[in-house]
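**Q**
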Amino acid sequence: MSDSSDNTTHFGFETVREAEKAGRVQGVFNSVASKYDIMNDVMSVGIHRVWKDAMMDWLAPRPGQRLLDVAGGTGDISFRFLKRAGHGHSTVLDLTRPMLEEGRKRAEAEQMAGSLDWVTGDAMKLPFKDNTFDVYTISFGIRNVTRPQEALNEAYRVLRPGGRLMVLEFSQLPNDGLQKLYDLYSFNVIPRMGQMIAGDYDSYQYLVESIRNFPDQETFLGMVKQAGFENAKYRNLSLGIACLHSGWKI
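Residue numbers (the numbering used here): 17 to 266.
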C-alpha cells in the first residue's frame with residue numbers, strides 16, 4: 017500500500033499531494049471567512065438561500081433531533097434546522113476556525129446558544145462516537161474534502177440507525193449547451209466579483225474550479241450508496257446548478 021503522502025488529488029484544476037490539500041483549502045476559507053456569506057450570494061446570485069430552504073423542506077426537521085452540520089461554517093444550515101425543528105441541538109463542525117468565529121458572531125448564534133456547539137474538525141475523521149446523530153448535513157463543503165468517500169463513510173458511522181444524510185452541493189447541468197454558458201459565467205465573472213468584493217481573485221478562482229471538478233449527480237449518488245446509505249436519491253435544483261443528495265442509515 018502506497019504512502020498517502022504520495023497520492024495526489026485536485027485543488028481546483030491543479031494537481032497537488034493529498035497531504036497538501038487540507039491546508040490549502042483552509043487558506044482559501046481563512047481568506048474569505050469574513051466575506052463568506054456575501055460570497056455565497058455572489059456565486060449563486062442569491063439563490064443559495066432558496067436551495068437551503070429546499071434542503072430543509074426535504075429534510076423536514078423534527079423536534080428533539082440532533083444535527084451534525086459538517087463544513088457548517090457560519091451556521092446557515094444549523095440556524096434553519098433549529099428554527100424548523102422547534103427545539104433540538106446542532107453541532108457545527110468546520111476545518112477552519114475563522115469560519116466558526118464568523119458564525120458565532122451572528123445574531124442567530126446568540127439567540128440559539130443553548131442549542132449549538134461549534135467544533136473545529138475534519139470531515140474525514142470526525143471526533144464523535146458511532147451512532148451519535150439523527151441528521152448529518154454538509155452544504156457546499158464536500159467538494160473541498162480531500163477524499164469525499166471517506167467523509168461519506170464517516171457520516172454513516174456517526175449517524176444513528178434511522179439517521180438521515182443530506183448533501184447540498186454545486187453540480188453539473190445535464191444539458192451541454194447550458195453547462196457551457198454556466199462555465200462561461202463562472203470562470204469569467206465570479207473570480208472578478210471576488211476581487212471586487214473580497215479583494216481575493218485566487219480563492220474564487222479555486223472555488224469555481226472545484227465546482228467543475230466535482231462528480232456529476234449519478235457518480236456522487238454511487239458514492240453515497242457505497243458508504244452504506246439506502247433509499248439514496250437526488251434532486252436537481254435550478255436545472256442542476258446545485259443538487260441535493262439524500263440517504264438513510266437503515
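Beta carbons: idealized from backbone N, C-alpha and C, even for Gly.
1) Return the CA-CA distance between N229 and L75, expressed in angstroms with no decimal places.
2) Within the same chain, show all residues whose beta-carbon is closer than 6 Å to that of N147, passing over the 5 residues directly before and after it, in chain order.
3) Have a look at K99 and E124 and give me their C-alpha separation to the nearest angstrom.
4) Could you check whether the stretch 206 to 224 touches the stretch 234 to 241, counting it as contact only if at least three pairs of C-beta atoms, one from each stretch, sit closer than 8 Å?
5) Check whether the Cβ atoms of K249 and Y172 sit closer than 8 Å, and answer yes or no.
6) Please state the DSSP three-state secondary structure of D19.
7) Which one or two residues does DSSP pair with G263 in a beta bridge?
8) Leaving aside the five residues before and after M17 along the sequence, list all residues of the same chain whose C-beta is less than 7 Å from its C-beta, in chain order.
9) In chain order, what residues of the same chain have a beta carbon less than 6 Å from the beta carbon of H64, not counting five sequence neighbours either side?
10) In or out: V174 buried (at least 16 other Cβ within 10 Å) or exposed?
11) Going by DSSP, name the residue or residues bridged to K249.
12) Under 8 Å between the Cβ atoms of L253 and L189?
**A** Working from what's here:
1) Along the sequence shown, one-based indexing puts residue 229 at 213. Along the sequence shown, one-based indexing puts residue 75 at 59. If I take the Cα positions, the gap works out to 27 Å.
2) Here residue 147 is taken as the residue at index 131 of the sequence shown, counted from 1. Closer than 6 Å at Cβ, skipping near neighbours: R176.
3) As a working note, residue 99 is residue 83 in the sequence shown. As a working note, residue 124 is residue 108 in the sequence shown. In a straight line, the C-alpha of K99 is about 10 Å away from that of E124.
4) no
5) As a first step, residue 249 is located in the sequence shown; it is residue number 233 there, counting from the start. As a first step, residue 172 is located in the sequence shown; it is residue number 156 there, counting from the start. No, the pair does not count as a contact, with Cβ atoms beyond the cut-off.
6) On the sequence shown, residue 19 is found 3 positions in, with the first residue counted as 1. The pLDDT assigned to D19 is 44, lower than 50, so where the model puts this residue is not dependable; a value taken from the coordinates is nonetheless given after this. Reduced to three states, the DSSP call for D19 is coil.
7) Within the sequence shown, numbered from 1, the residue matching residue 263 stands at position 247. Paired residue(s): L181.
8) For the purposes of this step, residue 17 is taken as the residue at position 1 of the sequence shown. With a pLDDT of only 40 at M17, under 50, the local geometry of the prediction cannot be trusted, and the value read off the model is given with reservation. Nothing meets the Cβ criterion.
9) By 1-based counting over the sequence shown, the position of residue 64 is 48. If we look at H64 and ignore the five residues flanking it on each side, its Cβ neighbours are N56.
10) Counting from one through the sequence shown, the residue named residue 174 turns up at place 158. Answer is buried; the Cβ neighbour count reaches 16.
11) Translated into the one-based positions of the sequence shown, residue 249 becomes position 233. S262, per the DSSP bridge assignment.
12) The residue given as residue 253 occupies position 237 in the sequence shown. The residue given as residue 189 occupies position 173 in the sequence shown. Contact: no.
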